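Note that the working numbering has the sequence shown beginning at 47, numbered continuously upward. Reviewing the structure listed below.
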Amino acid sequence: MTPTSHCYLDYSQTTRDGEPPTIPGGYLPIETMYDFDPTPAELSPEQAHHILGGQGNVWTEYMPTESQVEYMTFPRAAALAEVLWSPKELRDWPDFSRRLPAHLARLERMRVNYFR
């Protein structure tokens with residue numbers, strides 16, 4: 047599952063001015079990405095059985111450099127990874143938010159150009 051509503055990392059992370067250009071109208075904050083459920087509630091158990099997971103998508107037509115790809119991808123990739131690798135009942139946005147600074151420190155040490 048890779049719906050545009052929750053999985054497109056090439057959408058803007060903020061509505062503030064001065065951000066790099068993105069797909070017009072695309073806006074996807076980290077909180078929305080963390081709220082993603084790859085198995086929609088309206089599916090029957092038989093239908094849900096066919097969903098194997100999800101993925102984040104990064105279309106780079108607006109990203110001419112590796113640094114811009116990093117900026118658009120991180121830290122939202124961490125949120126999506128947790129959502130896809132954790133059972134729904136264990137996902138907790140406040141807990142993730144408390145742990146996120148440690149992840150951002152790792153990105154900083156690796157010199158990843160992430161969204162702040």
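C-beta atoms are modelled at their ideal positions from N, C-alpha and C, and glycine is treated no differently. Only a predicted model underlies this, so the values are computations on that prediction, with no experimental measurement involved.
I need the straight-line Cα distance from residue i to residue j, nearest angstrom please.
| i | j | result |
| --- | --- | --- |
| PHE82 | LEU153 | 23 Å |
| THR111 | LEU55 | 15 Å |
| VAL158 | GLN101 | 21 Å |
| SER147 | ALA87 | Reading off the sequence shown, one finds Pro at residue 147, where the question assumed Ser. Approximately 31 Å between the Cα atoms of the pair. |
Give the DSSP-derived three-state secondary structure of residue i in the structure shown.
| i | result |
| --- | --- |
| SER90 | coil |
| TYR117 | helix |
| SER143 | helix |
| SER51 | helix |
Could you pull out every residue in the same chain whose Cβ sits closer than 7 Å to the Cβ of residue i, ignoring the five residues on either side in sequence?
| i | result |
| --- | --- |
| ILE76 | GLN59, PRO121, ARG122 and ALA125 |
Tell me, to the nearest whole angstrom, how far the beta carbon of residue i is from that of residue j; I am working on the premise that it is less than 8 Å.
| i | j | result |
| --- | --- | --- |
| PRO67 | TYR108 | 5 Å |
Go through its chain and collect everything with a Cβ distance to residue i's Cβ below 8 Å, but skip five positions before and after it.
| i | result |
| --- | --- |
| ILE97 | MET47, PRO84, THR85 and LEU89 |
| GLY99 | MET47, PRO84 and LEU130 |
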